[in-house]
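See below for the structure under consideration.
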Amino acid sequence: MSDERKSLDSLTALLEQAGGYATAKVLTTSAKLGFFSPPFPLVSPEDFAQDRQLPVRGVRLLLNVLTGLGIYEKKGNKFRLKEGFRQLFGGHELLDDLIHHDRLYDVWGRLEERIRLGGSVPLSEEEKGHYPESLAVFLRAMRAHAAYLAPEILSEVSWEGVRDMLDIGGGGGGYALAFVKAFPNLKITVADLPDAIELTKDMVAGERKSHRILFHSGNAYTDPLPAGPFDRIFISHLIHIYPADENQALISKVVRHLKPGGDLLLLDYFLDDTETRPREAVLFRLLMMIGTPKGDCYRLSEAKDWLAQSRLVPTAVHVLPRGNTLIVAKKG
Ligand SMILES: C[S@@+](CC[C@H](N)C(=O)[O-])C[C@H]1O[C@@H](n2cnc3c(N)ncnc32)[C@H](O)[C@@H]1O
């Protein structure tokens, strides 16, 4: 292939990436407007529009785009979500993950402003996701993430002797549910901020084995933690909301609630030492700069230093899908 051809191909790929927001916005808007919500009948744009109380023109255009993307199928003037997607969207959480992305889209829209002005751009309450309905969507999106990562954690990590566990920042309850369902003798306390705990109680109520999930309301960084001591403490996707010194203090506090020989599982988007990989982690770090007052993503080596300072010994590092890394560290 000629050099000229190669650089044209790279330019096309770059432009496709730059225009990726169009597809992203089609997907997240469609989720918000009910295009992926059950029931999934074969429907004309007119009937769909009437049902959702939307003007028909945009509905027709969106249905055509979704068909072009291979998500809907078109028969004459009628459209239907394809079979595979009907199954995917039959449960609620994937849908909420897409709706959550719609909020993140707005947050990403502040990127230039945030880079130019640094820490001085206040986000609206909606952008921060502090409204109760945004928090509920957020927590259900977290459950969607837990649904694909919990099986990995169950299979990668030894669960021998783990009876009493604490999940700090465990809002949504996705991991707690997956873990108590997997082990009949396991009891988990989910600790989170008061609003998240109230919603999480409702979200897990009635689920199989949920009687073995307990709740603790409070700020893990500033309030007392449940006493324990626990066999295992799990902290997933919490530390990227807080600065390094506060995370280090949290870890030294957490250790006091672990039994000797117990372990801490720390799951997050950790960076390599070049701070350029994994891709998901590097992008997420930028999102934390835009969307949180003091959040950040940390190098794996930095997190290991925090653990060492609390006399926790890393016994394994598991590289999980989509840029996630799980550190297992034991209390001696
Ligand atoms: C990104 S979510 C992760 C949820 C879950 N651990 C997971 O991995 O899917 C962060 C969670 O931490 C909770 N959280 C944030 N700050 C907290 C604090 N200071 N104390 C306790 N929980 C906190 C949030 O309410 C939210 O449920």
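The numbering used here puts the first residue of the sequence shown at 858, with every later residue one more than the last. Each residue gets a CB set at the ideal place from its N, CA and C atoms; glycine is no exception. For clarity, every value in this text was computed on a predicted model and none was experimentally measured.
### Query
So is the beta-carbon of residue 1023 under 6 Å away from any non-hydrogen atom of ligand 1?
Taking the sequence shown and counting its residues from 1, one reaches residue 1023 at position 166. Result no, Cβ not under 6 Å from ligand 1.
### Unbroken stretches of the alpha helix (DSSP H), 4 residues or longer, contained in the stretch 909-935
913-925
### Message
Less than 7 Å between the beta carbons of residue 1019 and residue 1130, yes or no?
### Response
In the sequence shown, residue 1019 corresponds to position 162, counting from 1. In the sequence shown, residue 1130 corresponds to position 273, counting from 1. Taking 7 Å as the Cβ cut-off, residue 1019 and residue 1130 do not qualify as a contacting pair.
### Task
Please go through the same chain and pick out, in chain order, the residues whose beta-carbon is closer than 6 Å to the beta-carbon of residue 928, but skip the five residues on each side of it.
The sequence position of residue 928 within the sequence shown is 71, counting from 1. Taken in chain order, the residues that qualify are 942.
### Message
I'd like to confirm the pairing. Which residues does DSSP put opposite residue 1025 in its beta bridges?
### Response
The residue given as residue 1025 occupies position 168 in the sequence shown. For residue 1025, which the question treats as bridged, DSSP gives the partners 1048, 1092.
### Identity of the residue in 1021, 1006, 1052, 1050 nearest residue 1032 by Cα
Reading the sequence shown from its first residue, position 175 is the one you call residue 1032. Nearest of 1021, 1006, 1052, 1050 to residue 1032, Cα basis: 1006.
### Query
On the three-state DSSP scale, how would you describe residue 1172?
Position 315 of the sequence shown, counted from the start, is the residue given in the question as residue 1172. Three-state result, residue 1172: strand.
### Task
Would you decide whether residue 1113 is buried or exposed? Buried here means 16 or more other CB atoms lie within 10 Å of its CB.
For the purposes of this step, residue 1113 is taken as residue 256 along the sequence shown, with counting starting at 1. Exposed, because fewer than 16 other Cβ atoms sit within 10 Å of the Cβ of residue 1113.
### Message
So, with DSSP's three-state summary, where would you put residue 893?
### Response
Position 36 of the sequence shown, counted from the start, is the residue given in the question as residue 893. Looking at residue 893 - three-state DSSP - the assignment turns out to be coil, as it is neither helix nor strand.
### Message
Between 1026, 1078, 878, 1180, which has its C-alpha nearest residue 1094's C-alpha?
### Response
Numbered from 1 along the sequence shown, position 237 holds the residue referred to as residue 1094. The shortest C-alpha separation from residue 1094 is found at 1026.
#### Entry: Neighbour-count burial assignment, residue 926, 16 or more Cβ in a 10 Å radius
As a first step, residue 926 must be located in the sequence shown, where it is residue number 69. That one is exposed.
### Query
Contact between the stretch 1027-1046 and the stretch 1060-1072: three or more CB pairs below 8 Å?
The answer is yes - the stretch 1060-1072 touches the stretch 1027-1046, with three or more Cβ pairs under 8 Å.
### Task
Provide the residue(s) that pair with residue 1072 in DSSP beta bridges, ordered along the chain.
In the sequence shown, the residue the question calls residue 1072 occupies position 215. Bridge partners of residue 1072: 1047.
### Query
Where does residue 1105 land, buried or exposed, given buried means 16+ other C-beta within 10 angstroms?
Locating residue 1105 in the sequence shown gives position 248, counting from the first residue. Under the 10 Å beta carbon count, residue 1105 is surrounded by 16 or more other beta carbons and is classified as buried.
### Query
Helix or strand or just coil, what does DSSP make of residue 1014?
Against the sequence shown, residue 1014 aligns to sequence position 157. The answer is coil: DSSP assigns residue 1014 none of H, G, I, E or B.
### Query
Shortest alpha-carbon distance to residue 1160 belongs to which of 1121, 1189, 910, 1150?
Within the sequence shown, residue 1160 is the residue found at index 303, counting from 1. Of the candidates 1121, 1189, 910, 1150, the one whose C-alpha sits nearest the C-alpha of residue 1160 is 1121.
### Task
With a floor of 3 residues, list each beta strand (DSSP E) that falls wholly inside the stretch 1086-1172, ordered by position along the chain.
1087-1093, 1115-1125
#### Entry: residue 1115 versus 1167, 1103, 901, 912, residue with shortest Cα-Cα distance
To locate residue 1115, count along the sequence shown from 1; it is residue 258. Ranking 1167, 1103, 901, 912 by Cα distance to residue 1115 puts 1167 first.
#### Entry: For residue 1185 and residue 1004, the rounded distance between their alpha carbons
Sequence index remark: in the sequence shown, residue 1004 carries index 147 (1-based). Sequence index remark: in the sequence shown, residue 1185 carries index 328 (1-based). Across the structure, residue 1004 and residue 1185 are spaced so that their CA atoms are roughly 20 Å apart.
### Query
Which residue's Cα is closest to the Cα of residue 948: 888, 901, 939, 895?
Residue numbering aside, residue 948 sits at position 91 when the sequence shown is read from its first letter. Answer by Cα proximity: 895.
### Task
Please classify residue 938: does DSSP put it in a helix, a strand, or coil?
Counting from one through the sequence shown, the residue named residue 938 turns up at place 81. In the three-state reduction of the DSSP assignment, residue 938 falls in the strand class, which pools E and B.
### Query
Can you tell me where the beta strand (DSSP E) with residue 1183 in it begins and where it stops?
Numbered from 1 along the sequence shown, position 326 holds the residue referred to as residue 1183. Run containing residue 1183: 1182-1188, per the beta strand (DSSP E) assignment.
### Query
Do the stretch 1167-1183 and the stretch 1126-1146 make contact, defined as three or more Cβ pairs closer than 8 Å?
yes
### Task
Write down the C-beta distance between residue 1214 and residue 1056 rounded to the nearest angstrom, noting that I regard them as a contact closer than 8 Å.
Residue 1214 lies beyond the stretch modelled for the chain, which goes from 858 to 1189, so this question has no answer here.
### Task
Tell me whether residue 900 sits in a helix, a strand or coil according to DSSP, three-state version.
Residue 900 sits at position 43 when you count from the first residue of the sequence shown. Strand at residue 900.
### Message
Quick check: the Cα distance between residue 875 and residue 1070, rounded to an integer number of angstroms?
### Response
Along the sequence shown, one-based indexing puts residue 875 at 18. Along the sequence shown, one-based indexing puts residue 1070 at 213. Residue 875 and residue 1070: Cα-Cα distance of roughly 44 Å.
### Query
Do residue 968 and residue 885 have their CB atoms nearer than 7 Å?
As a working mapping, residue 968 is identified with position 111 in the sequence shown. As a working mapping, residue 885 is identified with position 28 in the sequence shown. Contact: no.
### Task
Please name the residue, chosen from 1090, 1048, 1101, 1060, that lies closest to residue 1075 on a Cα-to-Cα basis.
The count along the sequence shown starts at 1 and reaches residue 1075 at position 218. Of the candidates 1090, 1048, 1101, 1060, the one whose C-alpha sits nearest the C-alpha of residue 1075 is 1048.
#### Entry: For residue 1091, the nearest candidate out of 1016, 901, 1141 (CA to CA)
As a working note, residue 1091 is residue 234 in the sequence shown. The residue with the shortest Cα to Cα distance from residue 1091 is 1016.
### Message
Just verifying my parser: in three-state terms, what is the DSSP assignment at residue 1078?
### Response
Against the sequence shown, residue 1078 aligns to sequence position 221. Correct three-state label for residue 1078: coil.
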